[in-house]
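If you're matching positions, the sequence shown starts at 0 in numbering that gives the first Met the number 0 and goes up one per residue.
Using N, Cα and C, we set each Cβ at its ideal position, and we do this for glycine too.
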Amino acid sequence: MEWMIPVLLALSGLIVGAVVRHLLDGRVLANAQEEADRLVKSAREKADAVLRERVRTGRKGLEVKRAEREEEVDRGRQRIDRLEKRTDELARQHEVRSQRMRTKSRDMDLRKREFFRAQKEQRQAKKGVRASILSSQDKLCEIAELTLEGARDLHLSRLDDALTKECNRYSYIRAQTLEEELEDRARRILGITIQRCTFSHIVETSVSVTRFTDPSLRTKIAGKNGETLARIKELTGIEVIADEANPDIFFYSGYDGVAREVVRRTVDRLAKNPNFDLRTVDKLLKRFTKEVDRQIHQAGRGATQKMGLRRLHPELVHYMGRLQYRSSYGQNVLWHSMEVAYIAGLVAEELGINRRKARRGALLHDIGKAVSLEVEGGHPEIGADLAKKHGERPEIVAPIALHHESTGLTQLTELTRIGDSVSGSRPGARRDTSEKYLMRLEQIMTIVNSNPGIETSYSMQAGREIWVILDSEKVNDNAAREMAAKIAGEIEETVTYPGKIKVTMIREAKVYATAK
C-alpha cells in the first residue's frame, strides 16, 4: 500500500494545480485555495489511515506466521521424540535377538558334537553288524553247503518263479476281464446293428427251371434231336436239361447266373412262338443278353444309390449288378454285399468311424465273384485288382483283399469282416448239405486232434464251438492258451465255414490218494 501515498499526493497536486489555475483564471481563486488546502489535508489523513491499517495488517500476518512456525517446531520435536523412542525399542529388540542367536549358536555347537559322536558310534555299530552278518552268512552257507553266490541265485530264481506266476495270473485275469468287456460291448453293438438291419432275404441257386403249361412245347423247343438245346449250350455254356420224370419242365444248369437268365428268357419267348429256327434263337440270345446287361447296370446303380455311394466307376457298378445272378451257399451275393455294407455302416456309426468308407469297402468286398470264372485266383485278389484298376483308394482296396485274412487288417477291413460274418451266419442266410457239413467237421476235428497233450475233443453247436480236454500234466496254462490260438489259426487258414468257430481249452488237475 506504500505506492498509494505518492499517487494520492500526485492527484492532490493535479487538483490543486487545476484549482489554482481556475482561481487565476476567475474570481473563485480564494475559494479554490481553501478547497485545495482542505483536499490536501484530507488526502494526508487518508494516507496516514491507510498506512496505519497496513502496518496493523502486517503485524497480524507476522503473528500468524510466527504461531504456525511454532506449531511446526512443536510437531518436529514430537516426531523426534517418537523416533528416539522407536530407536530405543529397536535397539532393545536387537539386543534380545542377538542374545537368542548366541544361545542357539551354543545349542547348535552342542548338537553338532553330539551328532558327530552318534555318527561315530553308528559306524562302529554297522561294522559290528556287518561282521555279524558275514559270520552268519558263512555259517548258513556252511550248513546249507552253498556259496553266497549260489544262495543268492537260488533266492532270485525262486523270486523270479513267484513273480512269473503272479504276472501270469494277473495277465490271465486282466485278459479275461478285457475279453468279457469287449465281448459285452461287441454284443451290444451287434445287437443294435441287427435290430436296425431290415433286409429281405432272397435265395438263388445255380439251377433255374421253366415249367410249361403244354408238355408238347418242350419237345418243339428242344428241336429235332435236341439241336436247339445244343445250339444254346454252344453259345452260352448253359445246359438245358429235359427231365424225363417231369415232361413239363426244363432245368437250366450252369454257374454263370447271367447266361442262365438269358437262356431262361429265351426259352420263355420260344415257348410263346414255337415256330422258329436257329437264327431266331441266335437273335433272341443277343436281344436278351443286351436286356439283361441293362438290368444288371440298373441293379448295380440301385445298390450303390441305396448305400449312398458316389463317384463309383461305371465298370464297378456293372460288376456289382452281375452279382445279382451269383449265389454263395444259396445266398444272393448282391443282396449279401448290400447287407454287409449296411451292417458295416451301422457298426461304424457306433464306433465313430467314417460310415461312407465302411459301406464302400464292404459293398465291393465280393465284387471279384462277378468276374468270369476263367480268371485265375481267389475272389479277394481278383476283386482287389479290379478295384485298384478302376481308381479305388488303398483304404477301400484293403477290405476287398483281406476280408478273409487274419493279419494286416485295418479298421475298414475289420468292419467288413464283421458284416460278412453277421450276414453269413444269421439263421436262414445260407444253406449247406449234410455231406459238406460232415466233411468240414471232420477236417476241423483232424486239425484239433493233431496237437499233442489232448485227451479228447468235442464238437458243440453244430461245429460252431470246439471243446478240447487237455492232459494237465503235459500242458500248462500258457501252453493251453498258445495251443488254442494255434488251432484257431489253422482252422481259419484251411477250413471254409460260415460265421465263426470258438475253440475252448479245458485243463484240470485230478489228484488221487489211497488210505490203507
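Span of the beta strand (DSSP E), counted from its first residue to its last, around residue i
i	result
M319	M319 -> not in any beta strand (DSSP E); alpha helix (DSSP H) instead, spanning P313 to R321.
E238	E238 to A241
Y251	I248 to S252
Which residues DSSP lists as bridging residue i, in chain order
i	result
L469	I453 and R506
E464	M459 and K501
R210	I248
Cβ separation of residue i and residue j, assumed to be a contact under 8 Å, to the nearest whole Å
i	j	result
I465	S456	6 Å
R210	I248	5 Å
I443	V474	The pair is not a contact, with the Cβ atoms about 20 Å apart (cut-off 8 Å).
E454	L440	Not confirmed; about 19 Å, so no contact.
I399	G382	4 Å
V280	R230	6 Å
A386	A361	A386 to A361, Cβ: 12 Å. No contact.
Q323	L333	4 Å
I220	L284	With 8 Å as the limit, I220 and L284 do not qualify as a contact, their Cβ atoms being about 14 Å apart.
I505	G462	I505 to G462, Cβ: 18 Å. No contact.
M306	R358	5 Å
T415	H364	5 Å
I417	V346	6 Å
V339	D419	5 Å
D384	N167	The pair is not a contact, with the Cβ atoms about 45 Å apart (cut-off 8 Å).
L411	K356	6 Å
Opening and closing residue of the alpha helix (DSSP H) in which residue i lies
i	result
A514	Here A514 belongs to no alpha helix (DSSP H), and DSSP marks it neither H nor E.
V474	Neither: V474 is in no alpha helix (DSSP H) and is coded neither H nor E.
F287	L277 to K305
T409	Premise fails: T409 is in no alpha helix (DSSP H) and is neither H nor E.
G256	G256 to K271
E233	E226 to T235
Other residues of its chain near residue i: CB distance less than 7 Å, five sequence neighbours each side excluded
i	result
V316	H296, G299, R300 and T303
E507	S471
V206	Note that V206 scores a pLDDT of 46, beneath 50, so its modelled location is shaky and nothing firm can be said.
T146	C140
N448	S456
D267	T209
L530	With the chain running from 0 to 515 in the structure shown, residue 530 is simply not present.
E314	H389
R216	Correcting the residue identity first, residue 216 is Leu in this sequence and not Arg. Here the set comprises A270 and P273.
R520	In this structure the chain extends from 0 to 515, so residue 520 is not present and cannot be described.
V128	none
Interface flag, residue i vs chain D, CB-CB below 8 Å
i	result
P398	Checking the listed chains, one finds no chain D in this structure; it contains a single protein chain.
Sequence-distant residues of the same chain with beta carbon closer than 6 Å to residue i, five excluded per side
i	result
I237	Y251, G253, A258, R259 and V262
P451	none
T513	none
M337	A302
A483	V502 and M504
G256	Y324 and R325
D47	none
A487	V502
Sequence-distant residues of its chain with Cβ nearer than 8 Å to residue i (five each side left out)
i	result
I201	With a pLDDT of only 46 at I201, under the threshold of 50, the placement of this residue in the model should not be trusted; the figure read from the coordinates follows. N331 and W334.
R278	none
Residue i Cβ short of 7 Å to the ligand ATP heavy atom set
i	result
T227	For the ligand ATP, the structure offers nothing, since it holds no ligand at all.
- Task: Kindly provide the ranges of any alpha helix (DSSP H) runs that are 4 or more residues long and lie completely inside the region 327-401, ordered along the chain.
- Result: 332-350, 354-362, 378-388 and 393-401
- Task: Let me know the alpha helix (DSSP H) ranges lying completely inside the region 129-168, each 4 residues or longer, listed in chain order.
- Result: none
- Note down, one range per segment and in chain order, each beta strand (DSSP E) of at least 3 residues found wholly within the region 64-143. none
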